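The structure appears below as C-alpha cells.
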Amino acid sequence: MKIPFIFAGLLLVSVNAAADWTKLTTHPGQVEYVDFSTVRTDGALKQIWQLQDFETEKCIGAACYRSIKSLHQYDCKHETSRIKYVVFYAEAMGQGRDLKTLNERELGSDGEFAPVVPGTQGYYEFQGICGTEQKKK
1 MKIPFIFAGL
11 LLVSVNAAAD
21 WTKLTTHPGQ
31 VEYVDFSTVR
41 TDGALKQIWQ
51 LQDFETEKCI
61 GAACYRSIKS
71 LHQYDCKHET
81 SRIKYVVFYA
91 EAMGQGRDLK
101 TLNERELGSD
111 GEFAPVVPGT
121 QGYYEFQGIC
131 GTEQKKK
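Those letters in the sequence shown? Residues 1 to 137, per the numbering used here, in order.
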C-alpha cells in the first residue's frame, strides 16, 4: 500500500515549493506559521498546512530537528480537528532534509476528530480557519 505514502510525498513537495508562511503566534523559543494558500475546503471540512519553527534544535533520541510542518483538518460545523501528517525537518522554516513523516495512524489518532478546546492555541487556529462558519451556540 505505497500509494498513500507517494501521495503524502507529493503533498510535501508541493508545500515546500510554494509555501507562503504567515506568522500566527510566537511562544518562547518558537514561532508558528500557516500557509493560507494551502487552505482546501470540502463542505464543512477545511485543511491547511502549519509550520512550527524552533529557535534551537529539538531532539527525540538521536533525531534532531528545527521545524515541523503539519497538515491540520478542521470540521467547522462540529468544532473538531485532527492532524493528518507531521513532518520533522533538520533546518528552520521547513528546510533541509525531512527527517521523519508521521501519518494520522502513526500519530495515534486513527483519523478521529477531537473537540477543539476553547482558549487553546488550537481554538484560535480553528477560529482563524473556520471564521463565521463555526457552529452557533
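Heads up, the beta-carbon is just placed ideally off N, CA and C, and yes, glycines get one too. Just so we're clear, the structure is a prediction, and the values are computed from it rather than from any experiment.
Going by other Cβ atoms of all chains shown within 10 Å of its Cβ, with 16 needed for buried, is residue i buried or exposed?
i	result
G131	exposed
V15	With a pLDDT of only 47 at V15, under 50, the local geometry of the prediction cannot be trusted, and the value read off the model is given with reservation. V15 should be labelled buried.
D20	exposed
Q121	exposed
R66	buried
S81	buried
F88	buried
Report yes if the CB atom of residue i is closer than 9 angstroms to the CB atom of residue j, and no otherwise.
i	j	result
E91	V116	no
H72	E125	yes
Mapping the DSSP letters down to three states, classify residue i as helix, strand or coil.
i	result
A92	helix
C76	coil
F36	strand
F7	Here F7 scores only 45 on pLDDT, less than 50, and its place in the model is too uncertain to base an answer on.
M1	The predicted position of M1 is uncertain, since its pLDDT is 45 and thus under 50; no value can be drawn from it.
In terms of residue numbering, what span does the beta strand (DSSP E) encompassing residue i cover?
i	result
F54	L45 to I60
L107	It is not in any beta strand (DSSP E) - L107 carries neither H nor E in the DSSP assignment.
Taking the C-alpha atoms as reference points, what is the distance between residue i and residue j?
i	j	result
G61	G119	32 angstroms
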